[in-house]
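Visitor: Just add 3 to wherever you are in the sequence shown, counting from 1, and you've got my numbering.
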Amino acid sequence: MKLPKRSSLTMRDVGLHAGVSPITVSRVLANHGSVTTETREAVLRAVSELGYVPDYTARALSRRGSKLVALMLPNIANSVFAETVHGINDVLNGAGFSLIIAHSGYDAQREEELLRGLLGYRPDAVILTGFSHTRATRTMLRKAGMPVVETWNVGPEPMDVAVGFSNFKAGLEMTRYLIAKGHTRLAYRGGIQTDNERTRAREEGFRQALAEANLPATEEWIGSAPMELESGAELAREFQAMPPGKKRPQAIFIASDMIAAGFVLEAAQLGIRVPQDVAIAGFDDTPLGRAIRPRLTTVNVRQREIGRKAGELALRRVRGETIEHPVHDVGFEIVPRESA
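1) Among V56, L273, A73, V17, which has the Cα closest to the Cα of R43?
2) Inspect the CB distances between the segment 274–289 and the segment 323–333 and report whether three or more fall short of 8 Å.
3) Locate the beta strand (DSSP E) running through F256, then write down its first and last residues.
4) I'd like to confirm the pairing. Which residues does DSSP put opposite M75 in its beta bridges?
5) Do F335 and R307 have their C-beta atoms closer together than 8 Å?
6) Where does D16 sit, in a helix, a strand or coil, going by DSSP?
7) Apart from the five residues on each side of it in sequence, which residues of its chain come closer than 6 Å, Cβ to Cβ, to V28?
8) Are L349 and D260 touching if we call contact CB-CB under 8 Å?
9) How far does the alpha helix (DSSP H) with D127 in it extend, from its first residue to its last?
10) Give me the residue from V330, A190, A183 with the minimum Cα distance to T221.
11) Measure the alpha-carbon distance for Q243 versus R203 and round it to whole angstroms.
12) Is the beta carbon of T178 closer than 8 Å to that of G167?
13) Classify P246 as buried or exposed, calling it buried when 16 or more other Cβ atoms lie within 10 Å of its own Cβ.
14) Since G108 and N78 are thought to touch, with beta carbons under 8 Å apart, how far apart are those beta carbons, to the nearest angstrom?
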């Protein structure tokens, strides 16, 4: 089937249809406050009736800004990042900005390739996840001269500004919590660590807490896996295959609610009692972790707040503001529930 010709409608056409000037159309589409409700409704009705789509590329080339913010996520299927997106949108939509989103699959090289394409849309700012970027990505963003917000971690030297929490401290505090519950044989399962400094930091926090308590880090009980339900199910089967007694961990800190939920669900099928046979702690405080039984003890990392703050920082930098404190730590919270 032959595709229809692309529309060549302009703001002038929308203005003629609505009985207003092109500049008024522009103000309505930019969510500018200096337009009456009646005029706004007339313009939006004309946009709908004509099927008009703004040409963001043309707007960027006119040096008025694209009103676009590029967001790079490692995984669009993970609900924790969905909350961050909602937080960013809460801020950007009210300011007339839109998001363009890509996901790297936890691959820094893929992130570099995708960003090269996204920058072609002339976004006004870029929001990234974490600090694990290629040297070429850092060079490309520096030369582009646009605001960059790194999220989900805090560190001493962000590219521009950063908002998140200390993954190391979160791993440390959750492990301390499990030790305080009387557990001395602890295991750890985190996400894949390639191009993901956040999950590496959580494991480092786990190891630090063990060292503080003079407890051994049993290497065969420490590992990583994709952040999927099946990874947790596989871990439950591994646990069941271990000899009972001292050759089994008393508690497992799983630095992903998705993996932890997979363990709990599979454990119920295998007859493993949580927390009586093994205590399970997760990370992220997801709806899934709150819905399963027993509910997951976990780390709440304030995903939506990270998004809102990232959106605010991006807008402030787009407006040319200097950020006095470039690193913003939103903190985290240990959430005790029935699984540990």
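Virtual Cβ for every residue (Gly too), placed ideally from N, Cα, C.
Computed from a predicted structure; not experimentally measured.
Guide: Straight from the coordinates:
1) The residue labelled residue 43 in the question sits at position 40 within the sequence shown. Of V56, L273, A73, V17, the residue nearest in Cα terms is V17.
2) no
3) Taking the first residue of the sequence shown as position 1, residue 256 is located at position 253. It spans 254–257 - the beta strand (DSSP E) in which F256 sits, taken as one unbroken run.
4) As a working note, residue 75 is residue 72 in the sequence shown. Bridge partners of M75: A105.
5) Reading the sequence shown from its first residue, position 332 is the one you call residue 335. Reading the sequence shown from its first residue, position 304 is the one you call residue 307. Taking 8 Å as the Cβ cut-off, F335 and R307 do not qualify as a contacting pair.
6) Start at 1 with the first residue of the sequence shown, and residue 16 comes out as number 13. Note: D16 maps to helix in three-state DSSP.
7) Position 25 of the sequence shown, counted from the first residue, corresponds to residue 28. M14, V17, G18, V46, listed in sequence order.
8) Lying before the first or after the last residue shown, residue 349 is absent from the chain, which here runs from 4 to 343.
9) By one-based count along the sequence shown, residue 127 stands at place 124. From DSSP, D127 is part of no alpha helix (DSSP H); its letter is neither H nor E.
10) Position 218 of the sequence shown, counting from 1, holds the residue named residue 221. That would be A190, whose Cα lies nearest to the Cα of T221.
11) As a working mapping, residue 243 is identified with position 240 in the sequence shown. As a working mapping, residue 203 is identified with position 200 in the sequence shown. In a straight line, the C-alpha of Q243 is about 26 Å away from that of R203.
12) For this step, residue 167 is matched to residue 164 along the sequence shown. For this step, residue 178 is matched to residue 175 along the sequence shown. Their beta carbons are not under 8 Å apart, which means G167 does not touch T178 by this criterion.
13) Your numbering for residue 246 matches position 243 in the sequence shown. Looking at its Cβ environment, which holds fewer than 16 other Cβ atoms inside 10 Å, P246 is exposed.
14) Along the sequence shown, read from residue 1 onward, the residue named residue 108 stands at position 105. Along the sequence shown, read from residue 1 onward, the residue named residue 78 stands at position 75. Confirmed, Cβ separation roughly 7 Å.
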